[in-house]
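Asks: One structure coming up, written as structure tokens, with questions to follow.
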Amino acid sequence: MAVTPRHRQKLGPGRGRSGNEEDLNFERAGLTDAAAIARLIEPAVKELGFDLVRVAMIGGKSDPTLQVMAERPDTRQLTIDDCADLSRKLSELLDDADPIEEAYRLEVSSPGIDRPLTRRSDYADWTGHEARLKYAEPVDGAKQISGDIVGIDGETIRIATPKGERTVQFSNIASAKLLLTDKLINATAPLSSEGAEEFETEED
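Counted the way full-length UniProt numbering counts, the sequence shown spans residues 1 to 204.
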């Protein structure tokens with residue numbers, strides 16, 4: 001049974017500031033940094049044959065972590081060796097560029113089954129599956145919407161809800177992810193729904 005491998009590496013403080021903003025939606029907190037880091041690392045991710053899925057700063061001040069999600073375009077997965085290879089390459093790149101001032105951890109993983117939806121193409125790829133989208137700005141008083149993805153037309157995402165079809169502008173999505181359902185589990189086999197295997201290395 002496959003798992004979602006992760007590689008975490010502790011990195012030292014950075015010294016300066018340096019993905020694709022058009023195609024990736026970043027967490028609203030730290031938007032500029034995440035977008036800049038994505039632009040910095042995406043060529044290296046592509047060079048290893050992977051697609052960049054998400055870049056985010058998580059963990060808060062107590063455990064700042066740069067989370068990088070990537071996948072092989074043919075399998076939508078990463079092996080443990082893939083994670084280790086990508087982590088080493090990104091560690092070297094980030095050490096040289098130093099885009100983050102404080103000490104932080106680097107976590108590299110595949111998206112998993114209930115994956116985040118960050119690219120326009122994700123909504124086409126996962127049409128028919130249930131998702132939850134959180135708005136950047138409330139719509140009719142609502143902060144989020146859940147339903148089956150109908151498709152995407154340009155910048156407009158169509159979601160089927162119990163109250164009928166709704167539309168969401170890609171630019172107004174703060175974050176989005178697939179919801180774990182039997183249909184999704186069957187569609188993503190042999191991925192496991194039991195969580196991720198994780199291993200860490202640390203550097204001073």
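Just so it is clear, CB atoms sit at the ideal spot from N, CA and C, and this is done for glycine as well.
(1) Output the distance between the C-alpha atoms of residue 188 and residue 118, rounded to the nearest integer angstrom.
(2) Take residue 128 as the anchor and find which of 89, 67 and 180 has the nearest alpha-carbon.
(3) Since residue 43 is in the alpha helix (DSSP H), which residue starts that stretch and which ends it?
(4) First and last residue of the beta strand (DSSP E) that includes residue 178?
(5) Can you list the alpha helix (DSSP H) stretches of 4 or more residues lying completely in the stretch 113 to 190, in chain order?
(6) Just to confirm my understanding: we take residue 85, look at its own chain, exclude 5 residues before and 5 after, and list those with CB closer than 8 Å. What are they?
(7) For a test of the three-state rule: what should DSSP assign to residue 80, helix, strand or coil?
(8) For residue 172, which residues from the same chain have a beta carbon less than 8 Å from its beta carbon, with the 5 sequence-adjacent residues on both sides left out?
(9) Taking residue 75 as the reference, give the member of 107, 63 and 51 with the closest Cα.
(10) Just to confirm, are residue 157 and residue 168 a CB contact at a threshold of 8 Å?
(11) What does the Cβ neighbour count give for residue 103, buried or exposed, with the cut at 16 atoms within 10 Å?
(12) Between the Cα of residue 177 and those of 114, 88 and 45, spot the shortest distance and give me the residue it belongs to.
(13) From residue 70 to residue 162, what distance separates their C-alpha atoms?
(14) Looking only at its chain, what residues have a beta carbon closer than 6 Å to the beta carbon of residue 25, apart from the 5 residues adjacent to it on each side?
(15) Do you know whose CA, among 183, 60 and 80, lies nearest residue 131's CA?
(16) Please go through the same chain and pick out, in chain order, the residues whose beta-carbon is closer than 8 Å to the beta-carbon of residue 164, but skip the five residues on each side of it.
(17) Spatial neighbours of residue 93 within its chain, please: CB distance less than 8 Å, with the 5 preceding and 5 following residues excluded, ordered by chain position.
(18) Is the Cβ-Cβ distance between residue 68 and residue 107 less than 8 Å?
(19) From the DSSP output, which residues share a beta bridge with residue 51?
(20) What separation, rounded to the nearest whole angstrom, lies between the Cα atoms of residue 27 and residue 151?
(21) Assuming residue 109 is part of the beta strand (DSSP E), what are its boundary residues?
(22) Can you check which of these residues, 35, 112 and 141, is closest to residue 78 by C-alpha distance?
Replies: The relevant details are as follows:
(1) Here the question's residue 188 lines up with position 188 in the sequence shown. Here the question's residue 118 lines up with position 118 in the sequence shown. Each residue's Cα considered, the two are about 18 Å apart.
(2) For the purposes of this step, residue 128 is taken as the residue at position 128 of the sequence shown. Residue 180 is the option with its Cα nearest to residue 128.
(3) Here residue 43 is taken as the residue at index 43 of the sequence shown, counted from 1. That run of the alpha helix (DSSP H) goes 31 to 47.
(4) By one-based count along the sequence shown, residue 178 stands at place 178. First-last of the beta strand (DSSP E) with residue 178: 173 to 178.
(5) 120 to 125 and 182 to 188
(6) What you label residue 85 is simply residue 85 of the sequence shown in a count that begins at 1. Contacts found: 48.
(7) As a first step, residue 80 is located in the sequence shown; it is residue number 80 there, counting from the start. Three-state DSSP puts residue 80 in a helix.
(8) If you number the sequence shown from 1, residue 172 lands on position 172. Around residue 172: 135, 136, 137 and 139.
(9) Here residue 75 refers to the residue found at position 75 when the sequence shown is read from its first residue. Of 107, 63 and 51, the residue nearest in Cα terms is 51.
(10) The count along the sequence shown starts at 1 and reaches residue 157 at position 157. The count along the sequence shown starts at 1 and reaches residue 168 at position 168. Against a cut-off of 8 Å, the Cβ pair of residue 168 and residue 157 comes out as a contact.
(11) Counted from its first residue, the sequence shown places residue 103 at position 103. Under this definition residue 103 is an exposed residue.
(12) Looking up residue 177 in the sequence shown gives position 177. The residue with the shortest Cα to Cα distance from residue 177 is 114.
(13) By one-based count along the sequence shown, residue 70 stands at place 70. By one-based count along the sequence shown, residue 162 stands at place 162. Distance between the alpha carbons of residue 70 and residue 162: 33 Å.
(14) One-based indexing of the sequence shown puts residue 25 at position 25. Because the pLDDT at residue 25 is just 49, under 50, the model does not fix this residue reliably, and the point stays unresolved.
(15) Translated into the one-based positions of the sequence shown, residue 131 becomes position 131. Nearest C-alpha to residue 131: 183.
(16) For the purposes of this step, residue 164 is taken as the residue at position 164 of the sequence shown. Within the same chain, residue 164 has no close Cβ partners at all.
(17) Against the sequence shown, residue 93 aligns to sequence position 93. Answer for residue 93: 40, 41 and 44, listed in chain order.
(18) In the sequence shown, the residue the question calls residue 68 occupies position 68. In the sequence shown, the residue the question calls residue 107 occupies position 107. In contact: residue 68 and residue 107 (Cβ atoms closer than 8 Å).
(19) By 1-based counting over the sequence shown, the position of residue 51 is 51. The partner list for residue 51 (beta bridge, DSSP) reads 71.
(20) Counting from one through the sequence shown, the residue named residue 27 turns up at place 27. Counting from one through the sequence shown, the residue named residue 151 turns up at place 151. Its pLDDT being 45, under 50, residue 27 is placed unreliably by the model, and nothing is read from it.
(21) Here residue 109 refers to the residue found at position 109 of the sequence shown. Segment 104 to 109, the beta strand (DSSP E) holding residue 109.
(22) Position 78 of the sequence shown holds residue 78. It is 112.
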